[in-house]
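Student: According to our numbering, the residues represented by the sequence shown are 1 to 165, in order. Take a look at this one; I'll ask things after.
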Amino acid sequence: MDKARIEEIEMAMREEHRRDEEALDRLKRFLPSNGTNSGNSKRLFEYIPKNDRLDPINVGHHDSLEDIDEALNVVTLRGKIGQTMASDPTKGWTGKKMLKALEEAKFAFAARKPINSVAIAMNYWVKRGFAHVTKRGSGRIPNVIKWLPDKPFPRSESDESEDTI
Numbered sequence: 001m002d003k004a005r006i007e008e009i010e011m012a013m014r015e016e017h018r019r020d021e022e023a024l025d026r027l028k029r030f031l032p033s034n035g036t037n038s039g040n041s042k043r044l045f046e047y048i049p050k051n052d053r054l055d056p057i058n059v060g061h062h063d064s065l066e067d068i069d070e071a072l073n074v075v076t077l078r079g080k081i082g083q084t085m086a087s088d089p090t091k092g093w094t095g096k097k098m099l100k101a102l103e104e105a106k107f108a109f110a111a112r113k114p115i116n117s118v119a120i121a122m123n124y125w126v127k128r129g130f131a132h133v134t135k136r137g138s139g140r141i142p143n144v145i146k147w148l149p150d151k152p153f154p155r156s157e158s159d160e161s162e163d164t165i
């Protein structure tokens, strides 16, 4: 190898190194700084103390089948909204009313603006045929959604319809 070829390889390596450093700088903008998750969300997950966690091995200490059923269910936003609407099918729910009920039940939201997630989850049940819009809203007036009285709350994924949203 002659000196010109070595210099050419060196220049190519320096250019590649420069591009790698630029890519690394772009990546660093998305990494946490000062212990926060770069300000994109305040808190993605809430810490649950060990004594409050469900121990699936020791489910036998519950008194009734309803307690066991409740203990085994994983509570998601969509599931909690479905349970809340199914508990009283005569009541009409708007997004704000549901949000207030979930906050009173101390549901842990991951989103900064959970009202949007609540509205989407409520529409999930409408699209699946478990709830219906009793009063269509427009503009700033929200839809009023009620659970269908003849539809029990599904206990598992297989109880829901086959479609995906």
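In this text, a Cβ means the ideal position worked out from N, Cα and C, and glycines have one as well.
Please look up how many angstroms separate the CB atoms of Phe153 and Ala86, rounded, as I've assumed it's under 8 Å.
Tutor: 4 Å
Student: Take Ile145 as the anchor and find which of Ala121, Thr94 and Thr84 has the nearest alpha-carbon.
Tutor: Thr94
Student: Please identify the residue among Thr76, Arg19 and Lys96 whose C-alpha is closest to the C-alpha of Arg140.
Tutor: Lys96
Student: Could you tell me which uninterrupted beta strand (DSSP E) segments, each at least 3 residues in length, are contained entirely in the stretch 119-143, listed from first to last along the chain?
Tutor: 131-135
Student: Quick one: residues in its chain with C-beta nearer than 6 Å to the C-beta of Thr76, no 5 flanking neighbours on either side, listed in chain order?
Tutor: Around Thr76: no qualifying Cβ.
Student: Could you tell me the alpha carbon to alpha carbon distance between Arg112 and Lys151, rounded to whole angstroms?
Tutor: Using only the alpha carbons, I get a separation of about 32 Å.
Student: Count the other CB atoms, across all protein chains shown, that sit within 10 Å of the CB of Ala134; report buried if there are 16 or more and exposed otherwise.
Tutor: Residue 134 is actually Thr in this sequence, not Ala. Classification of Thr134: exposed, given that the 10 Å Cβ count is below 16.
Student: Residues bridged to Ile145 by DSSP?
Tutor: Trp93 and Val133
Student: DSSP three-state call for Asp20: helix, strand or coil?
Tutor: helix
Student: Leaving out five residues before and five after Gln18 in sequence, what residues of the same chain have Cβ atoms less than 7 Å from its Cβ?
Tutor: Checking the displayed sequence, the identity of residue 18 turns out to be Arg instead of Gln. Hits under 7 Å: none found.
Student: Kindly indicate the opening and closing residues of the alpha helix (DSSP H) around Arg112.
Tutor: Segment: none, Arg112 is in no alpha helix (DSSP H) and carries neither H nor E.
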